[in-house]
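Chemist: Numbers 74 to 202, taken from our numbering, label the letters of the sequence shown in order. For glycine and all other residues, C-beta sits at the position ideal for the given N, C-alpha and C. Here it is, the structure, as structure tokens.
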Amino acid sequence: MGVALAVAGAIMQALTRNPLADSGILGINAGAAFTVVVTVFLLRESSLAAYALAGMFGAAAAGALVYGLGSAGRGGPTPLRLTLAGVIVTAFLSALTTLILISDRETLEQIRFWTAGSLAGRDMPLLRQ
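Rendered as structure tokens:
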């Protein structure tokens with residue numbers, strides 16, 4: 074798992090030619106969080122597998138959106154354009170995520186429980202994974 078994270082970080086830094094590039098700046102974290110919140114809000118899903126699937130889809134979609142926005146126009150994707158596109162996508166998706174969490178108390182409680190973490194209701198086989 075650590076190797077995958079290191080490779081992903083190296084790819085982000087190579088693509089943007091920015092040694093400070095990370096998933097938070099490029100909108101990937103915000104995309105994952107948004108799709109998990111939407112999954113809880115619309116589907117009332119509470120399984121860890123659904124969270125993981127939604128998060129991966131949202132991260133990929135946000136990354137593609139950032140790259141598309143950063144590549145638009147003359148000159149193609151530059152480090153500055155990719156970073157600015159990432160900041161814009163992050164701000165927009167974070168605002169939408171906050172809007173959903175503020176408007177629906179049940180979703181807020183479920184997401185808060187998930188992000189804070191708990192062992193309540195978890196059995197030993199799940200912990201061994």
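(1) Out of M129, L116 and L155, point me to the one whose CA is closest to R90's CA.
(2) Is the Cβ-Cβ distance between P150 and G159 less than 8 Å?
(3) When burial is assigned at 16 or more other CB atoms within 10 Å of the CB, is L78 buried or exposed?
(4) For Q183, which option in E118, G97, L169 and G75 has the closest C-alpha, if you only look at C-alpha atoms?
(5) Terminal residues of the continuous alpha helix (DSSP H) containing T112?
(6) Could you spell out the range, first to last residue, of the alpha helix (DSSP H) harbouring P152?
Modeler: Looking at the coordinates:
(1) On the sequence shown, position 17 is the one that residue 90 refers to. The shortest Cα separation from R90 among M129, L116 and L155 belongs to L155.
(2) As a position in the sequence shown, residue 150 is number 77, starting the count at 1. As a position in the sequence shown, residue 159 is number 86, starting the count at 1. Not a contact, by the Cβ cut-off of 8 Å.
(3) Taking the sequence shown and counting its residues from 1, one reaches residue 78 at position 5. Exposed: under 16 other Cβ atoms inside 10 Å.
(4) Within the sequence shown, numbered from 1, the residue matching residue 183 stands at position 110. It is E118 whose Cα lies nearest to the Cα of Q183.
(5) Along the sequence shown, one-based indexing puts residue 112 at 39. T112 -> alpha helix (DSSP H) spans I101 to L116.
(6) As a working mapping, residue 152 is identified with position 79 in the sequence shown. Where P152 is concerned, the enclosing alpha helix (DSSP H) stretches over P152 to S176.
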